[in-house]
Each structure stands twice: as structure tokens, then as C-alpha cells.
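Here the working numbering is used: the first residue of the sequence shown is 1, the next is one more, and so on. Glycine included, C-beta positions come from ideal geometry on N, C-alpha and C. Report on the following structure.
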Amino acid sequence: MPYHALYHTRRWLCKEDMISYLISIHKQIGMKHGRSFIYILGGVGVAGALVVLVGFVVSQRLSLGVKAGEITLSDAEIKKGTKALQKHKARLEEQTLTLTHQGTSTDVTLSELGVTIEVQKTLEKAKKVRTAQSYWQNPLALFQEENIDIQYSTKDSKLRKTLTEAFQGALQRPRNASYSFETGELSISSAQAGRTFDINALHTDLQKLINGTREDTTLSLSLRKSSPDVTENDLQQLQSKVAAYVDSKHVFGYADKSWTVPRQKLLSWLTVEKQQGKPQVVFHRERIRSYLKDTIAEDVNRSPRNANIYFNPQTEELKITRQGWEGRTLHAAQSLTQFLADLRTGESQTDLVVNRPKPDVYRKNLDNIDISTKLGSGSTTFGGSSASRINNIKVSAQEMSGSLVMPGEEFSFVGTLGPVAASTGYEPEIVIKNGQNVPEYGGGICQVSTTMFRTVMNTSLEITARQNHSYIIPIYGKPGFDATIYHPRPDFAFKNTTDNPILIQHQLQGTRLTFNIYGSPNNKRAEVKGPYTLQKNEDGTTKTVVHRNVYNTQTGNRLDRDSFYSYYEPRNNFETVTSYE
1 MPYHALYHTR
11 RWLCKEDMIS
21 YLISIHKQIG
31 MKHGRSFIYI
41 LGGVGVAGAL
51 VVLVGFVVSQ
61 RLSLGVKAGE
71 ITLSDAEIKK
81 GTKALQKHKA
91 RLEEQTLTLT
101 HQGTSTDVTL
111 SELGVTIEVQ
121 KTLEKAKKVR
131 TAQSYWQNPL
141 ALFQEENIDI
151 QYSTKDSKLR
161 KTLTEAFQGA
171 LQRPRNASYS
181 FETGELSISS
191 AQAGRTFDIN
201 ALHTDLQKLI
211 NGTREDTTLS
221 LSLRKSSPDV
231 TENDLQQLQS
241 KVAAYVDSKH
251 VFGYADKSWT
261 VPRQKLLSWL
271 TVEKQQGKPQ
281 VVFHRERIRS
291 YLKDTIAEDV
301 NRSPRNANIY
311 FNPQTEELKI
321 TRQGWEGRTL
331 HAAQSLTQFL
341 ADLRTGESQT
351 DLVVNRPKPD
361 VYRKNLDNID
371 ISTKLGSGST
381 TFGGSSASRI
391 NNIKVSAQEM
401 SGSLVMPGEE
411 FSFVGTLGPV
421 AASTGYEPEI
431 VIKNGQNVPE
441 YGGGICQVST
451 TMFRTVMNTS
461 LEITARQNHS
471 YIIPIYGKPG
481 FDATIYHPRP
491 DFAFKNTTDN
501 PILIQHQLQG
511 TRLTFNIYGS
521 PNNKRAEVKG
531 PYTLQKNEDG
541 TTKTVVHRNV
551 YNTQTGNRLD
561 RDSFYSYYEP
571 RNNFETVTSY
581 E
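Next up, the structure:
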């Protein structure tokens, strides 16, 4: 057959013009050789049909003459091949393997080694071993057998963890060469090789086991040398550069403060790593960031303080009674970046990057604060109190007065109060603590928190924390309308649920303490009901409740209702301790 005829015979398997082409050839040959042409045409047709048939079979079944491990997949339908592999996988997953090394052994499953039999990937590989084209190119492939490995995947981290936990004594991490100051000068400590398991050898045994060509389920582990990444020679190349870093006596500075970093600390911030085969100095950014936060930030950081303001209800004017200040917050990330840049250019000092958050209230923005009306007020009296208790009431009330609470902000009585000590103006007086009446600095502050509770109850503001005293305090009047506090808990807290800032101010008239809360009109009013005694037992235990209803002042509709329950124990359950330490 001429070459061009053979070429086009292969094309016929894919082209629709096979018949028309053969007819044209027939005309060229002529009737004289017509019978020979018919024979050729018939032979080509049979061959083409055979190849088409093989192509169809291959598309519907796994490759002919293929084994995955010891599992024969030849001429198997895809569904049957899948079932055979899944059965083999299930058997392997139930099997226990024994890993041994120098007299130590451990039993594990494939799952515990992080090994997963990949059925689908095995089938895909089996299907790709031979195609219809391969049978056309090599017809003998129909009668030849080909083996492939059963595919599996491994989570190397899980495999190494299992081996490390089971054979801890056999392994040794390599130790990189390192710098030190053991002799007072920068010196180099030697590198040391380590030992690790030969994972490639283990994978070879696992593949045989998974293929079914290995019956022994005891696998002996072998060790190989694990070389350090960084050697003495690597450090010698960088020694002069590192010496310049650690001898720089680097200083962090801010305003009139400075922090000199010790040589040993600087050295601990750097290491040497191989990058593209070359040793490079690399800085431990997290260690430097921790130093900035733990050592320096405490001296730099300062919360912004609002200016104290006073609202005159007669003139409806605001004025500042105490100046506030900007805050300071060390920007550790930017300071770190600046430090690394300075170190590389030989600068011996890094100016710290510090944010300066403004307070909510300061002289320039006073006109933007809308305070024009009283939202609510509340009072208590403290006649008969000791001089020290009266002092503590006055000091703590003054701390609360002038507080500005922004929209959405939560006001914390304990947080606003600050430290309670002799240094902040407080005197020892009786407090309830751990089931006893004991003298402590600040006794009597609860008179102020109780007054604050009653004030907020007369507004629509959301109360987020409140707790009654352990027993009934007669000076607060009818039980159920008090609020105790103690650092850090319990606290009295409320949230500014209005759209504008609110201002807390106090008034002292003799032994009467009053708090007023000012803000902008919000078309809401509060109505307090109670307190009511729900239960009073012979032993003195008492349960009370006080309710608050919030109404819309325009429609009269009730918008909200909340209730505050109190439970009091008998007064005589609490021993009084008179000494103060």
C-alpha cells in the first residue's frame, strides 16, 4: 500500500469523509484492479472497527492488562475496580503495623502514621496507563500485563510526630553553629550533626505493604545523619557584621526617655539562616516586638484624659474645670521596622513611633458637645456618718463628677474611681468583705454608688451591672434601692444609649448627696416603682424588687421595663473586725 494511503487510513478513524475518499481512490485505480481494492478496503475496515471497539472498551472499563499492586484490574469495569480497591483499603486500615528500632517497638495503624490510601487516584492512574491510541501503536499491549503502585498520601507532620514520640531517645536534632559571649567577646559555638529516621526507606516499605507485595507487617526503622543548616564557616563569613550590630549600644528614644539595649539582648534578636544557599543575618521580629511591648510600652503608654467640664443649668454653658491630655500609645510594629532600618544603616538610636490619640473632650472641641438638659437625678443622705466615712464620700463623689460618657460607651464606677488608698485621699472605714465588717480605705464609697444607681434609674440609660449589699444598710432607707461596689468586682455600670454625650455632676448640700445627669433631649422619661418587699423571713433574710418603666414623652407609649431584685442576709451573720492592717 502506498505511504499516502496508509497515512489516510489512520485519518479515517476520526474523519467522516472516509467513504468518499475511498471512492475517489477506486476511480483512480480503475475497474481492472477493483477486486484487489475491495480486499484492501475490507481489511482496513476490519482494522478500523477493531480499534474503534478497543477505544470504546477502554473508555468504559479500566485499562486492559493492568494490576495495581497485587490487585488485578484487567478488563474490570470502573465500578468493580473501585470496589476491589476499597476492600483492600479497608483491610489495610484495620491492620496493625509494628515499627521497631534497636529493641524498641510500637504498634501503629496507617492512620496514625498519617497515611491515606487514595482509591480514586489509583483508578485514574490505571485508566491512563493505556489508551486506544496506545493499542493502535502497539497491538501487542492487548496481551501484556503492566503493574502500577497503589497510590497513597502522607501527612508528613503526623508521621514525624508519631515517630518522634515513640522513639525519642533515638533521635537528635542537629544543632546549628551559633554566636555567644562566653569569653566576653563575640565567639562561635560549633555545629553538631543530628540523627533522624530515613523516611524514604520507610516509604519504600510502606509502598510494598500497601501494594500487597510484602506480608511482614513489622517495619525496621533506620537512621540517617541529619546535617546542621548553619556551620562555623557560615558564621565566620558574617562575624564582622554581627559584631558591629551587637557592639552598637543601640538606644531606643522617646521625648526625654531612653532605653539602651544590652549586647546579649541584641545578640538574642538575631540568627543566621541559609537563603538560596548563602548565610544571611535574620532578625527575630517577634522577640524585638515583645521587648518593645514588655519593657518600653509600659513607660510610654498613657490613656488620653478628658478635660473635666461643668454644665451651668442656669446659663446652659459648658466650661472646663480641669484640663485633659493626649494619650500615648507605642506603635510597636512601626518602631520595629524603624529599628531594623537604623541597625542596617549603622544608626545607633531609634526614635520610637508613638501614636497620640486625642481625648474625647478638650478645649478645641467643646463647642461640638451638645449638652442642654437634665436627663435625671438622684439623691441619698448620710447624716450620722463618721468623719472618715464623710471624707470618703466627698472624695469619691468628686471623682465621678465631671465624667463625660460618649454615645454607646459604658460607664464603670470602679473604673472611674481609680485607686483607693491613703495616697488618693481616702481614710479607713468599715466595708463588708468576705463575710465580715472590716475597716479599709474607702469605706462609705457605696453611698456614692447607691446615689449613682438611683440617678440612673431616673433616666432611660441601660444599667449593665448592679449588685445589692450583703445585708440591709439602714442609712440607705427602704431596702432594695442600693448598689455596692468593690475593686474590681462588684461594679456598678451603665451604658449611654443616647445619641449624644452625657455629663455626670454632683452636688453636696450638708449631708445630702445628689447626682445630675445632663445630655440632649431624647423624648424619654423614666418612672420608678418600688422598691417592694417580696419576702421577709424570721431570720432576717429579705427579698425585694424595684421596677423601672421607660416611656416615650410624645406618645406616652411604654418603651421598656426592667426590674432589679435584691436578696439580703441577716445582719448578725457578719462579724465586725475593729483593727486595721
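- In its chain, beyond the 5 residues on either side, 432, 435, 436, 437, 470 and 471 have a beta carbon closer than 8 Å to the beta carbon of residue 574.
- Cβ-Cβ distances below 6 Å link residue 253 to 349 and 351 in the same chain, with the five nearest sequence neighbours on each side left out; the list follows chain order.
- Only residues of its own chain outside the window of five on either side were considered, and among them 426, 427, 429, 442, 443, 444 and 445 have a CB closer than 7 Å to the CB of residue 392, listed in chain order.
- Per the coordinates, the alpha-carbon of residue 512 lies some 21 Å from the alpha-carbon of residue 492.
- The three-state secondary structure of residue 375, taken from DSSP, is strand.
- Secondary structure within the segment 312 to 381: the alpha helix (DSSP H) runs of 4 or more consecutive residues, fully enclosed, are 332 to 345 (chain order).
- With a threshold of 16 other beta carbon atoms within 10 Å, residue 198 falls short and is exposed.
- For residue 392, the enclosing alpha helix (DSSP H) stretches over residues 387 to 400.
- Nearest Cα to residue 548 within the set 538, 561 and 536: 561.
- Three or more beta-carbon pairs separated by less than 8 Å are not found between the segment 271 to 278 and the segment 367 to 383, which leaves the two stretches without contact.
- In this structure the segment 511 to 525 does not touch the segment 477 to 490; the number of beta carbon pairs closer than 8 Å is below three.
- Per DSSP, residue 114 is not a residue of any alpha helix (DSSP H), being assigned neither H nor E.
- In this structure, DSSP gives residue 101 an extended state, which the three-state scheme calls strand.
- A contact is defined here as three or more CB-CB pairs under 8 Å, and the segment 494 to 514 meets this definition with respect to the segment 393 to 413.
- Here the segment 234 to 243 makes no contact with the segment 206 to 217; the two share fewer than three CB pairs at distances below 8 Å.
- Counted as a single uninterrupted DSSP element, the beta strand (DSSP E) harbouring residue 252 occupies residues 251 to 254.
- At a cut-off of 4 residues, not a single continuous stretch assigned as alpha helix (DSSP H) sits fully inside the segment 489 to 520.
- Distance from the Cα of residue 231 is smallest, within the candidate group 280, 107 and 295, for 280.
- Counting the other Cβ atoms within 10 Å of the Cβ of residue 577 gives fewer than 16, which makes it exposed.
- Closest in C-alpha terms to residue 523, from the list 539, 160 and 550, comes 550.
- Around the C-beta of residue 284, fewer than 16 other C-beta atoms lie within 10 Å, and the residue is accordingly described as exposed.
- Burial check for residue 151: the Cβ neighbour count within 10 Å reaches 16 or more, so the residue is buried.
- Going by beta carbons, residue 172 and residue 195 fall inside the 9 Å limit.
- Selection 478, 507 and 424 evaluated against residue 452 yields 507 as nearest (Cα-Cα).
- Residue 227 sits in coil when the DSSP states are folded into three classes, being neither helix nor strand.
- Within the DSSP bridge table, the entry for residue 278 names 275 as partners.
- Taking all protein chains in view, the Cβ of residue 153 is surrounded by fewer than 16 other Cβ atoms within 10 Å, so the residue is classified as exposed.
- In the DSSP assignment, residue 257 falls within the beta strand (DSSP E) that extends over 257 to 260.
- Put simply, of 96, 304 and 114 the residue whose alpha carbon is nearest the alpha carbon of residue 106 is 96.
- Note: residue 428 is bridge-paired with 441 in the DSSP secondary-structure output.
- With a cut-off of 8 Å on Cβ pairs, the segment 377 to 392 is not in contact with the segment 329 to 346, counting fewer than three such pairs.
- Residue environment for residue 89: buried (at least 16 other C-beta atoms within 10 angstroms of its C-beta).
- Fewer than three beta-carbon pairs drawn from the segment 533 to 542 and the segment 387 to 402 are found closer than 8 Å, and the two stretches are therefore not classed as touching.
- For the pair residue 102 and residue 177, the Cα-to-Cα distance works out to about 30 Å.
- The closest CA to that of residue 240, considering only 260, 185, 219 and 261, is found on 185.
- With fewer than 16 other Cβ atoms inside 10 Å of its own Cβ, residue 181 counts as exposed.
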